[in-house]
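In this note's numbering, the protein residues as written are 26 to 282. Remarks on the structure that follows.
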Ligand code: SF4
Ligand code: SF4
């Protein structure tokens, strides 16, 4: 099936987002006064996956090795520009105020960066006229054929991989050491902008190739998950909202006591 697309500049996709950013983009966003959150998830990693397990290999490339108690894990950290309502850069006429410097993810939308996600126009914010058959061809047989979008996706995936060590260093610097169990939720840290800038700069510039395995806690809002984690030697933490939490937890499932 072919998918044609041309942006109508309606601005609908520029609201209520956690926009994934590279380390360099996060620094630019923070230096403009925006908020950047650290979204953390941990994947139990008792053994290395086979080469033909493409999903696991994809996760491996964009994560870093750590331990939770005795359990080997891999931690995925996404730096996300976070805002409720309109993006701080969205202008009254729905144009982007930083168009020439906008993040890569804004340039790629509505195409998918994750190679395992299928583009479904009905799940996107874009109006029907953006997908009309007289618009430029974006995808054919589920492959991106627009050369600019193709190149942007390739670059974004490569940066996601090359950024992983710097994210590990920035987390250690900021005392970020808790992650949600993958596919159950996300642990969300919102460090002050000045601290995040300093930590990301140090992390980006560091040549520290330390082989130390970092210790992380694995958090869940479900008691049965925490019990299972604990039974296999992990440092499981039951998330309960408090008045002054070190982090927030975005659960994909209802909490259990
Ligand atoms: S940076 Fe620009 S394109 Fe990206 S969400 Fe904000 S207004 Fe939209
Ligand atoms: S929702 Fe789609 S059509 Fe509207 S501005 Fe975003 S990318 Fe363009």
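Yeah, the Cβ is synthetic: ideal placement off N, Cα and C, and Gly gets one too.
Residue from the options with nearest C-alpha to residue i
i, options, result
"residue 275", "212, 136, 107, 144", "212"
"residue 84", "41, 67, 29, 130", "67"
"residue 170", "148, 133, 150", "133"
"residue 32", "150, 106, 72", "150"
"residue 128", "209, 240, 51", "51"
"residue 90", "232, 265, 186, 208", "186"
"residue 110", "218, 246, 41", "41"
"residue 189", "46, 38, 280", "46"
Span separating the alpha-carbon of residue i from that of residue j
i, j, result
"residue 323", "residue 87", "Here the chain has residues from 26 to 282 only, and residue 323 is not among them."
"residue 242", "residue 34", "42 Å"
"residue 216", "residue 61", "8 Å"
"residue 270", "residue 155", "42 Å"
"residue 162", "residue 44", "25 Å"
"residue 99", "residue 224", "21 Å"
"residue 205", "residue 244", "5 Å"
"residue 210", "residue 59", "24 Å"
"residue 123", "residue 147", "28 Å"
"residue 208", "residue 27", "31 Å"
"residue 136", "residue 194", "30 Å"
Min CB distance residue i to chain B below 8 Å
i, result
"residue 272", "No chain B is present in this structure, which holds just one protein chain."
For residue j and residue i, believed in contact at Cβ under 8 Å, the rounded distance
i, j, result
"residue 248", "residue 203", "17 Å between Cβ atoms; not a contact."
"residue 239", "residue 220", "Actually they are not in contact, since the Cβ atoms of residue 239 and residue 220 sit about 19 Å apart, beyond 8 Å."
Point to revise | Secondary structure, alpha helix (DSSP H): runs of 4+ residues fully inside the segment 140-202 | key: 172-198
Exercise for review: Return the chain-ordered ranges of every alpha helix (DSSP H) run that is complete within the segment 221-279 and spans a minimum of 4 residues.
Suggested key: 248-256
Check your understanding: What does the shell around ligand 2 hold, if a residue joins when its beta-carbon is under 6 Å from any heavy atom?
Key -> 32, 33, 34, 35, 36, 37, 38, 134, 135, 150, 151, 155
Check your understanding: Mind pulling the beta strand (DSSP E) runs of 3 or more residues that sit fully within the segment 57-145?
Key -> 61-69, 89-93, 96-111
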